[in-house]
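Worksheet: the structure to be examined is printed underneath.
Written out as structure tokens, the structure is:
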């Protein structure tokens, strides 16, 4: 346990972090669901991606990223990265208590369990998230009879970062990953987008999985969960406060702005991004 | 300048480093060209990829990786990463003198200048290498009238790491990147593979660029350049020494072995890979 320096103040910002720009899909949903809140978003771009790294490294990076946000006085923390939510949520909650720490994985698993009728749920995520089996565990905790199939889709991350969200390459990659999951009867009736990069590929994914499957994007359910946590802790911003977003990254403001715009859904420029240092990153624009 | 602890001994190993596993295509060529040498290869997998990071971060990471190899007593250093060769070679040569430091970029540029007849040379590489313009500069230094066109191909890195080196996805990606470069007359007559990941995609690339263009892979010319440097410095291993390869990584022995086998051209297991710490990586298997 470290000294608690985070603010217990309704006007304090909400800290959100991710390995890079993918978590901006979550930030976007949070700002839409909680328009009166101030957000500070940190992308650990000097060390992205987390999804191919070991659990030990991911926990270390997540603790450092969350520590920087804690030092900025955030009233609560959102882990906008499935990989870090899967392997680091427990250590973050322990280290930063009593500051509430919310991941995207549990809200995503809960939404999948609400969406499914057949109990057959497919999960697509990074290598690390799939290997750890955290989605399967979180789903089965709620729905013990669920039949969960998982597929690591690392090329979806590269596609999303390149901005190739539709067209022949996106379609070919989506078929290669998803035909196996959805080509056999009985098909899953729900598909969890278990990586924050994937929502921008939802149309290409929809083309492969067909109209009947429910596509679960944990960003929106995370916004609902966050509202509940803030209300429960008496930390919800007053209605009159002007919402705001501040963007931090550990490397490459120009690239963060260019690629991040795809995920946030609005254009960014390098001047919107403040470069910060974490141990071992030596941040620089 | 730091204290020189590297061995000036013909029997000492040659240090080779890369951001991850891509440099194993270079290691493979080096072991084939210099079968009597001992090699120590370091992949900085905890912080891969370098190709999307800032020059400042890349220089910092490269100095740390090279420092670890220096401390292992290497007689010379090969930067088996185009991105690091492009932005960090000068600081590495300054920091580690008199240990010879060889990058892959200059040998690749030299080979392209030898291969071209028309002077029209295309370069494909990572974002960082293309933005820095180091290949253009190195080619024009040798061939002032050369017309160099460059294209960042980050999806090729993801394809190679996924092992999707042929088939419809590789073809669609190759067309998307290369049709623009090779679809107009007059076409380039040489294509430099300016990223160590790309040689495993050479057949798919060949399908798009056609049979007439020369594909330049800097791995082989780097082996020739290294032999010259060792001979010039009196550091070439004696003919009777048994060559060997030792593999180090900063994260994820299992993934290094699984993906690295694609690049090295022979199967690896996790036990072949020693996990080491660099500042800020906190290496773990």
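Protein chains in written order, with our numbering: chain A, 1 to 285; chain B, 1 to 285. For each residue, glycine too, the CB sits at the ideal point set by N, CA and C. All of these numbers come straight from a predicted model, not from anything done at the bench.
For the ligand MN, is there any heavy atom lying closer than 7 Å to the beta carbon of residue i?
i                      : result
residue 105 of chain A : Among the ligands in the structure shown, none appear at all, so the ligand MN cannot be discussed.
What are the start and end residues of the beta strand (DSSP E) that includes residue i?
i                      : result
residue 217 of chain A : 214-217
residue 149 of chain B : 147-152
residue 273 of chain B : 273-275
residue 249 of chain B : 244-249
Nearest by alpha-carbon distance to residue i: which of the options is it?
i                      : options                    : result
residue 54 of chain B  : B/36, B/128, B/244, B/45   : B/128
residue 95 of chain B  : B/67, B/215, B/149         : B/67
residue 281 of chain A : B/239, B/56, B/39          : B/56
residue 37 of chain B  : B/220, B/265, B/237, B/174 : B/237
residue 13 of chain B  : B/34, B/20, B/52, B/136    : B/34
residue 191 of chain A : A/150, A/75, A/171         : A/150
residue 265 of chain A : A/45, A/87, A/160          : A/160
residue 64 of chain A  : A/52, A/84, A/162, A/75    : A/84
residue 232 of chain A : A/43, A/133, A/58, A/75    : A/75
residue 175 of chain B : A/204, A/156, A/201, A/169 : A/169
residue 152 of chain A : A/206, A/178, A/164        : A/178
residue 121 of chain B : B/101, B/143, B/103, B/107 : B/143
residue 29 of chain A  : A/267, A/225, A/215, A/242 : A/225
residue 90 of chain B  : B/110, B/73, B/134         : B/134
residue 181 of chain A : A/197, A/123, A/245, A/279 : A/123
residue 17 of chain A  : A/27, A/8, A/10            : A/27
residue 117 of chain A : A/73, A/145, A/126, A/172  : A/145
residue 111 of chain B : B/99, B/210, B/139, B/130  : B/139
residue 277 of chain B : B/241, B/251, B/171, B/203 : B/251
residue 183 of chain A : A/208, A/199, A/196, A/275 : A/208
residue 275 of chain A : A/227, A/11, A/46, A/24    : A/46
residue 158 of chain B : B/77, B/48, B/109, B/107   : B/48
residue 195 of chain B : B/240, B/60, B/104         : B/104
residue 98 of chain A  : A/62, A/219, A/77, A/114   : A/77
residue 245 of chain B : B/227, B/234, B/268        : B/268
residue 253 of chain B : B/229, B/270, B/215        : B/270
residue 10 of chain A  : A/243, A/235, A/108, A/219 : A/235
residue 141 of chain A : A/109, A/206, A/154, A/230 : A/109
Less than 8 Å between the CB atoms is what I'm expecting for residue i and residue j, so what's the real figure, rounded?
i                      : j                      : result
residue 79 of chain B  : residue 92 of chain B  : 7 Å
residue 247 of chain A : residue 272 of chain A : 6 Å
residue 44 of chain B  : residue 20 of chain B  : 7 Å
residue 221 of chain A : residue 102 of chain A : The pair is not a contact, with the Cβ atoms about 11 Å apart (cut-off 8 Å).
residue 193 of chain A : residue 217 of chain A : 5 Å
residue 52 of chain B  : residue 255 of chain A : 6 Å
residue 165 of chain A : residue 204 of chain A : 7 Å
residue 213 of chain A : residue 188 of chain A : 7 Å
residue 87 of chain A  : residue 132 of chain A : 6 Å
residue 262 of chain A : residue 163 of chain A : 5 Å
residue 40 of chain A  : residue 72 of chain A  : 6 Å
residue 198 of chain A : residue 173 of chain A : That belief does not hold up - the Cβ atoms of residue 198 of chain A and residue 173 of chain A are roughly 12 Å apart, past 8 Å.
residue 260 of chain B : residue 24 of chain B  : 5 Å
Specify, as a first and last residue, the run of the alpha helix (DSSP H) that residue i falls within.
i                      : result
residue 118 of chain A : Residue 118 of chain A -> no alpha helix (DSSP H), and no H or E assigned at all.
residue 255 of chain A : 253-264
residue 173 of chain A : 168-182
Given a limit of 7 Å on CB to CB distance, which residues of the segment 37-52 of chain B reach chain A?
46, 47, 52
Return the residues of the segment 186-209 of chain B that lie within a Cβ-Cβ distance of less than 8 Å from chain A, sorted by chain order.
none
Chain-ordered residues of the segment 73-90 of chain A with a beta carbon less than 8 Å from chain B
none
Within the segment 7-66 of chain A, note down every full beta strand (DSSP E) run reaching 3 residues or more, in order along the chain.
14-18, 38-43
Members of the segment 246-261 of chain A near chain B, C-beta cut-off 7 Å:
251, 252, 255
Relative to chain A, which residues along the segment 155-169 of chain B have a C-beta separation below 9 Å, given in chain order?
155, 157, 158, 159, 161, 162, 164, 167, 168, 169
So within the segment 66-148 of chain A, which uninterrupted beta strand (DSSP E) runs reach at least 3 residues, ignoring any that extend past its ends?
76-79, 101-103, 120-125
Inside the segment 189-236 of chain B only - beta strand (DSSP E) runs reaching at least 3 residues
190-193, 214-217
Chain-ordered residues of the segment 117-142 of chain B with a beta carbon less than 8 Å from chain A:
127
Taking a Cβ distance cut-off of 7 Å, strictly less, list which residues of the segment 171-184 of chain B are near chain A, in chain order.
172, 173, 176
If you measure beta-carbon to beta-carbon, which residues of the segment 260-282 of chain A are closer than 8 Å to chain B?
279, 280, 281, 282
Note down, in chain order, all residues in the segment 5-28 of chain B with a beta-carbon under 8 Å from any beta-carbon belonging to chain A.
none
Which residues, taken in chain order from the segment 56-71 of chain A, show a beta carbon closer than 7 Å to some beta carbon of chain B?
56, 57, 60
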